[in-house]
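Read the structure below first, then the notes.
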Amino acid sequence: MSQAIVYVSLKEGVLDPQGLTIQRALEDLGYRGIKEVRSGKFYRIKLNSQSSQKTRELVSEISNKLLANPVIETFEIEVPK
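Numbering-wise (my numbering), the sequence shown opens with residue 1 and increments by one.
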C-alpha cells in the first residue's frame with residue numbers, strides 16, 4: 001500500500017478571502033509582520049500501488065480531474081517513502 005499527499009491552493013493572483021480573513025484576525029490578535037496568508041486544502045490518499053511513480057501518476061490524474069480546479073487552483077503531490 002502506498003500513500004500520497006495532495007496540497008491544493010489558489011493560484012497567485014486569485015483572491016483568497018479566507019486567507020485575508022485569517023490575516024486580519026492575526027493582526028487583531030497582535031501578530032505583526034505577517035505579509036500574506038493563503039489558504040488551501042490537503043488530501044491524503046491511500047491506494048494499492050507498487051511503485052511511487054505509478055502512485056504519483058494516478059494521483060496526478062485524480063487531482064486534475066477532481067481535486068483541483070485548474071482554472072483557479074494549483075496542486076502539489078508528495079509521495080512519502
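Glycine included, every Cβ here is placed at the ideal spot set by N, Cα and C.
Counting only the same chain and skipping the five closest in sequence on each side, list residues whose C-beta sits under 7 Å from that of S9.
R38, G40, E73, T74
Between which two residues does the beta strand (DSSP E) carrying R44 extend?
40-47
For T55, does the count of other Cβ atoms within 10 angstroms reach 16, so buried, or fall short, so exposed?
Buried.
Proximity winner among I5, V71, A25, relative to K11 (alpha-carbon distances)
V71
Assign A4 to buried or exposed, taking buried as 16 or more other Cβ atoms, counted over all protein chains shown, within 10 Å of its Cβ.
buried
Is S51 buried or exposed, if buried means 16 or more other CB atoms sit within 10 Å of its CB?
exposed
Just verifying my parser: in three-state terms, what is the DSSP assignment at V59?
helix
Measuring straight from C-alpha to C-alpha, what distance separates R44 and E76?
12 Å
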